[in-house]
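K.L.:
Dumping the structure here so I can ask a few things about it.
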Amino acid sequence: MPTATQVERTTIIRHSLLVRITHWLIFLAFVALLVTGIEILISHPRFYWGEVGNVNTHPIFTFHIPSSRDTVPTGYGYVLPDQNGWSRYLHFQAAWLLVLCGLVYLGYLIFTGHLSKHLFPTREQRSLRAYTSRVAQYIRRTKPADDELHTYNVLQRSAYLVVIFVLFPLILWTGLAMSPAVTTAFPLVSSLLGGRQSARTLHLFVTIALVLFLFVHVIMVAVSGFRARIRAMITGKAQLSETELTAKELP
Amino acid sequence: MNPITRRKLLTTGLAATAGAAGLITAARLARKYGLIPPDHSVLYGTGETLTYACQRVLTADRPLHDFPRSMISKQPFMNEIGKLPDAFKASQAVNFSDWRLTVDGLVDHPLSLSVADLRGLAMRSQITEVACEEGWSYVAEWIGTPLSLVLREAGLKPEVRYLAYFSIQPSWWESIDISEALNPGTLVTWAMNDGDLPVGFGGPLRLRVPRQLGYKSIKFLTRITATDSMKHFGKGLGSPSPEDGYAWYAGI
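Here the protein sequences line up with chains A and B, keeping their order. In terms of my numbering, the first sequence has 219 at position 219, counting the first letter as 1, and numbering is strictly consecutive. Converting from the second sequence to my numbering requires adding 1000 to each position, the first position being numbered 1.
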């Protein structure tokens, strides 16, 4: 059957079904968390360090934006509509989606060997030189090496590892450190971070780091072929012509 | 495209059946142990239910954390309060000597207590934080009578699952589950930072629920009702908060 052979030869599986589903659900949760998080922030756009903070204490910084509450002095003569109720409800619902998908994805990473095979830098990549040469390659915009069709380069691996094992755990931790039920029962959750208000400020900083990652991630997708990459993350398949791989180079 | 093999079909089918059975069992257990909040049916009730159930299981029996005295906020933030009704002003004129806290519903001995009665009953002081859903917070010393001791005086019937509580401000009320009500941290508060509880902080009586956000700590407390279900209070969602779009459970 020539057609079947042709299909097999011209497409490669780039992302497994589980990765595709969790990727888009996490994306959905992230957008919901970001939008509702901004809504919640607007009700008190002042940030503090330590355990307590309110309009009687000094903020470490303030966003000079109008607020959705008239208890905050903003300098604006008006108050925005209060969106905190549904924002908080949705924020935690989306957080649950993120946590559950994250756990499924983490299980997949560990049990399929994806983590050691595609995310931990390989032996040759564990040097500063590996990083600098890949950065240089990005700057000079040289075509990626063929192995990058099947796996990630050292910068991608490092970025994904930081997001999965540093930023996401931190965003959850700083979030839980603002929960009165958690902090009255387990005070260390918040005191290790410097207190409730420090946790709130750190929650914002980690959010900014995650948004920066998203920004770079989308730019990279756009640079390397937006439609093909999005299609690959939806259908799982990448076309040979798109990857510019010759038949003999296929495994 | 990979063809769907018999093995794949079997594993997927088995996994789906196990998942469905697991969910049904989880729902049944959650209902049995009271892990379903009254506002579970609202638009974002799934997240609310998961949070409530998990936090109940993990934190129910934990002791309350007190802050050291040195951390008491020098200038606690007095949140704005609505226009107070005439009944409040009349009581304020006699220094709240005629203020009454009614305890009724599913109790053996309905009570009507003055602030002095409460002071005579028992005293507990705790240094806890008020955290508002807006993001601000302060720490204060709260002095009052543990709600659990008031409820012991009234004698709760075994079927009680929730305590609804009301302010003198019309249509301002909340409810908590029995586990929150019996937690030693839940305090019928009548003093703050070594003085009487100021009106701006909810005086003469405020129910402090330190394990939840500030909006559960109702000011100007007048009545507590023990019930087995929140169905017949307001719209049946547990309090006016979910009716305004806010979660009933405010532990997060």
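Heads up, the beta-carbon is just placed ideally off N, CA and C, and yes, glycines get one too. Just so we're clear, the structure is a prediction, and the values are computed from it rather than from any experiment.
(1) Val1130 (chain B) by DSSP, collapsed to three states: which one?
(2) Are the CB atoms of Tyr1044 (chain B) and Arg90 (chain A) within a distance shorter than 7 Å?
(3) Just the Cα atoms here: how many angstroms apart are Glu249 (chain A) and Ile13 (chain A)?
(4) If you measure beta-carbon to beta-carbon, which residues of the region 1193 to 1213 of chain B are closer than 7 Å to chain A?
(5) Does any residue of chain B bring its CB to less than 7 Å from the CB of Leu250 (chain A)?
(6) Between the region 78 to 92 of chain A and chain B, which residues of the former have CB atoms less than 8 Å from a CB of the latter, in chain order?
(7) Quick one: is His1109 (chain B) near chain A, going by C-beta distance under 7 Å?
(8) Can you look up Leu1101 (chain B) in the DSSP assignment and give me helix, strand or coil?
(9) Please return the same chain residues whose Cβ sits closer than 6 Å to the Cβ of Pro1198 (chain B), not counting the five positions on each side in sequence.
(10) Bridge partners of Pro1146 (chain B), per DSSP?
(11) Can you tell me which of B:Phe1088, B:Val1103 and B:Thr1102 puts its alpha carbon nearest to the alpha carbon of Phe1096 (chain B)?
(12) Helix, strand or coil for Val211 (chain A), going by three-state DSSP, please let me know.
(13) What do you reckon, are the CB atoms on Val189 (chain A) and Leu176 (chain A) nearer than 7 Å?
(14) Which residue's Cα is closest to the Cα of Asn1193 (chain B): B:Arg1031, B:Glu1133 and B:Ser1125?
(15) So what's Phe120 (chain A) in DSSP terms, helix, strand or just coil?
(16) Excluding the five sequence neighbours on either side, which residues of its own chain have a C-beta within less than 8 Å of the C-beta of Leu33 (chain A), listed in chain order?
(17) Output the distance between the C-alpha atoms of Ile1178 (chain B) and Arg1161 (chain B), rounded to the nearest integer angstrom.
(18) Return the CA-CA distance between Arg1006 (chain B) and Leu149 (chain A), expressed in angstroms with no decimal places.
(19) Please identify the residue among B:Lys1219, B:Ile1176, B:Leu1182 and B:Trp1190 whose C-alpha is closest to the C-alpha of Leu1237 (chain B).
(20) Name, please, each residue of chain B whose Cβ falls closer than 9 Å to the Cβ of Gly53 (chain A).
(21) Residues of chain C with a CB under 7 Å from the CB of Met1071 (chain B): which are they?
(22) Measuring alpha carbon to alpha carbon, tell me which residue in B:Lys1083, B:Val1107 and B:Pro1076 is nearest His58 (chain A).
(23) Report the rounded CA-to-CA distance for Val1130 (chain B) versus Pro180 (chain A), giving the unit in angstroms.
(24) Looking at chain B, which residues of the region 182 to 213 of chain A have a Cβ within less than 8 Å of any of its Cβ atoms?
(25) Give the straight-line distance between the Cα atoms of Ala1122 (chain B) and Thr112 (chain A), rounded to the nearest whole angstrom.
P.N.:
Reading it off the structure:
(1) strand
(2) The question names Arg, but residue 90 (chain A) is Leu in the sequence shown. In contact: Leu90 (chain A) and Tyr1044 (chain B) (Cβ atoms closer than 7 Å).
(3) At Glu249 (chain A) the pLDDT is 39, less than 50, meaning the model places this residue with poor confidence and gives no usable figure here.
(4) Cβ contacts with chain A come from Pro1210, Arg1211, Gln1212 and Leu1213.
(5) Bear in mind that the predicted position of Leu250 (chain A) carries a pLDDT of just 40, short of 50, making it too unreliable to give a figure here.
(6) Asn84, Gly85, Trp86, Arg88, Tyr89, Leu90 and Phe92
(7) no
(8) strand
(9) none
(10) B:Leu1187
(11) Among B:Phe1088, B:Val1103 and B:Thr1102, the Cα nearest to that of Phe1096 (chain B) is on B:Phe1088.
(12) Helix, per DSSP.
(13) yes
(14) B:Ser1125
(15) coil
(16) His91, Ala94, Ala95 and Leu98
(17) 5 Å
(18) Spanning the two alpha carbons is a distance of roughly 31 Å.
(19) B:Ile1176
(20) Gly1135, Trp1136, Ser1137 and Tyr1138
(21) Among the protein chains in the structure shown, which are A and B, there is no chain C.
(22) From the listed residues B:Lys1083, B:Val1107 and B:Pro1076, the smallest Cα separation to His58 (chain A) is found for B:Pro1076.
(23) 9 Å
(24) Val182, Thr183, Thr184, Ala185, Phe186, Pro187, Arg196, Gln197 and Arg200
(25) 60 Å
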